[in-house]
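Read the structure below first, then the notes.
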Amino acid sequence: MKNFVYKASLFFLLIPYLAFSQDKVAEVKVKENFWYKNSVIYNLEVGVFKDSDGDGRGDFDGLIEKLDYIKALGVDAIWLAPFQPSPGQDDGYDVADFYGVDEKLGTSGDFAEFVHQAEKRGIRVIIDLVINHTSDQHPWFKNSRENKTSRYRDWYIWSKDRPKDADKGMVFPGVQKEVWTLDKKTNEYYYHRFYDFQPDLNFANPEVMQESQRIIGYWLNQGISGFRLDAVPFIIEVPKTGSEKPKLDFNFLRDMRQFAQSRKADVAILGEANVMPEENQNYFGQNGDGIHMMFNFYANQYLFYALATGDLKPFLKAIQDTKKIPAASQWAHFLRNHDEIDLGRLTDKQRNEVYAKFGPDTSMQLYKRGIRRRLAPMLGNNRKHIELAYSLLFSLPGAPVLRYGEELGMGDDLTLKERLSVRTPMQWNDEKNAGFTTAEKAFRPVISKGAYGFENLNAAKQFRDPNSLLRWTTDIIQLRKSCPEIGLGEYTLLESGSPDILAIRYDYLGKSIIVLHNFNEKQRQAAISSGTSKILYDLRAQNLDIKSENGKFSVSLDGYGYKWYRVDHIMP
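Residues -21 to -1, 1 to 551 in mature numbering (1 follows the signal peptide of the UniProt record, and there is no 0) are what the sequence shown spells out, letter by letter.
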């Protein structure tokens, strides 16, 4: 009898697989083999997270101290901003040594211990891979400037004459003046997509490509699980083919993936590529053999338009336009990251509407296309609106990325230069310098005034409050992780019966969930076709399940309300 029960239980476990074709089962197995498909990623900068030695700057030992905090959030992977040796002119993105650890943040041994401690807690580590350019203080560039026949001369891109498009294609308009700068030592111009102290590497040179592989291999040997690849479209530019519409070499991405996977089979490369939907396939690869993941910048811009105006149509279209990706690929969704919120894909009218709502003062705007604020200040510290935004983030098709401090509703410091406004020290408690450092002064000021000041807003205070945003974020992360359908399943945008309500359904192995979000500040009613289903089980509250009536599920949503449901399937 026991044997029969055991076999019967195995049969019922297999039912979802039996309902699909062999091709579908194969696709399911492909998806489940990749850890990044369903992971929650936490982005932080070592220098502003926790100082362990009282010098005023965060370090790896301090980060190790706070790993249990990150673990308690429910995070699967930590994405680290650059921590290599750097002059610090671009907050570490001007790398001067790809193989080291900045001494201000610790040693290579400290990094190794951090990776070990993270692994013990089941947390993977992703690091920034900034290989589009180097610092002008990098030994390679210094050597390239010695003379025109020096060893590293061709590792960079040079021109005898100033190109006609030297003032075109700038990444930082309004701050940056050109992309070609005269080197007075050799009297030739060098190319830089970013600041003039960040000369671009020449990936048309096989030696540069080989060196990039050494860098990848080196860090994979340190135990990391992948890379966030900075400025992907600029890495693959074919040199001297124009600053505005250059030719791109997508074979580079395929070769990089193949090399990385030859060193670590389950590596993940997360690409920063703000491109149009028709270009996505080139980056993911025609057969899914390009980069593993990309940030969905395109949908993100229309999401902020929806949050600002309540108009869902452009966002729904963006989600549909970015739906088709290879089975092994994945989107990464975010609300805030380390940079400005890029609104460059919006029309001028749409962008101005977002500015009017979220960045009305020019001090809040950046590079003629973006906003340099944290989410909570943009949403007026409206708890209901903040919850709506983050509930949506965790329910979007892909892997959610959370910026450090967002789980607390941290603010920004607009007195700081450019993107530093959203890179202030983590607020741990109400002690001096927010518990970030015991030094007299932090290397970057801690937010100390108003509603976002550390005495009012800090992790210790919110941890003790069961109704805090920190506690809510922890709960929503656990809810997201209980719904693997979001990262692995197929999604459908449903007719909600209201222009203000976004309804999305996920189906995976015979199981389904439906998530609803009301973008209006007033109560709205959703009416969703029930099909063969009879009940929606509320995943966030007991005794609030919804039964089908007349072929519809009717759901009332408060202003900025949201609902997560599991669908009860009735077999025909």
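Ideal placement from N, C-alpha and C gives every residue a C-beta, glycine not left out.
Rounded to the nearest whole angstrom, the C-alpha separation of L84 and Y487 is 44 Å.
In terms of CA proximity to Y334, R352 leads the group R352, H317 and Q260. Residue nearest to D321 within the set N361, F151, G510 and R503 is F151 (criterion: CA-CA distance). Taking every protein chain shown into account, the CB of G26 has 16 or more other CB atoms within 10 angstroms, so this residue is buried.
Cβ-Cβ distances below 7 Å link A252 to V211, P212, Y262 and M273 in the same chain, with the five nearest sequence neighbours on each side left out; the list follows chain order. The bridge partners DSSP lists for T160 are Y169. Contact between Y485 and I455 is absent: CB atoms are separated by about 16 Å, not below the 8 Å threshold.
Looking only at L371, Q344, L375 and D537, the smallest Cα-Cα distance to W310 is reached by L375. When secondary structure is reduced to three states using DSSP, K526 falls in the strand class. A distance below 6 Å between beta-carbons, with the five flanking residues on each side excluded, links K243 to the following residues of its chain, in chain order: L199. Ranked by how close their Cα comes to the Cα of P463, the residues P379, G510, E385 and N522 have P379 in first place. The shortest C-alpha to C-alpha distance from G264 to any of K303, D144, F433 and Y174 is the one to K303. The Cβ neighbour count for S222, taken over all protein chains shown within 10 Å, is at least 16; the residue is labelled buried. Taken through DSSP and simplified to helix, strand or coil, I110 comes out as coil. The beta carbon of D234 lies closer than 8 Å to those of M188 in the same chain, with the five residues before and after it left out.
Within the model, the alpha-carbon separation for V246 versus H112 is close to 23 Å.
If the five residues before and after P142 are omitted, its C-beta is found closer than 8 Å to the C-beta atoms of W159, Y168, K219 and S222, all from its own chain and listed in chain order. The beta carbon of V80 is closer than 8 Å to those of F39, F62, Q63, P64, T86, S87, D89 and F90 in its chain, skipping five residues each way along the sequence. Under the criterion of beta carbons closer than 8 Å, A307 and G35 do not qualify as touching, at roughly 44 Å.
Closest by C-alpha distance to D228, out of G269, R459, Q177 and S204, is G269. Residue pairing by DSSP leaves R315 without any beta bridge partner. R130 and E82 have their C-alpha atoms spaced approximately 28 Å apart. Residue N499 holds the alpha-carbon nearest to the alpha-carbon of A285 among I20, N499 and D55. CA-to-CA, the gap between S114 and E332 works out to about 37 Å. By the 16-neighbour rule on beta-carbons within 10 angstroms, N17 is buried.
Under the DSSP assignment, A252 falls outside any beta strand (DSSP E); it carries neither an H nor an E label. As computed with DSSP, A244 is found in no beta bridge at all.
According to the DSSP assignment, L495 belongs to the beta strand (DSSP E) that extends over K490 to N497.
The C-alpha of T394 lies about 33 Å from the C-alpha of F120. With contacts defined as CB atoms closer than 8 Å, A482 and I493 qualify as a contacting pair. Per DSSP, reduced to three states, the secondary structure at T416 is coil, with no helix or strand assignment. Here the C-alpha atom of R443 lies approximately 13 Å from the C-alpha atom of N435. Annotation for M357: the continuous alpha helix (DSSP H) segment containing it runs L354 to M357. Boundaries of the beta strand (DSSP E) harbouring V380: A378 to R382, taken from the DSSP string.
Put simply, the backbone Cα of I214 is about 32 Å away from that of I49. The beta carbon of V54 sits closer than 8 Å to those of V19, I20, Y21, I102, L381 and I456, all from its chain and outside the five residues before and after it, given in chain order.
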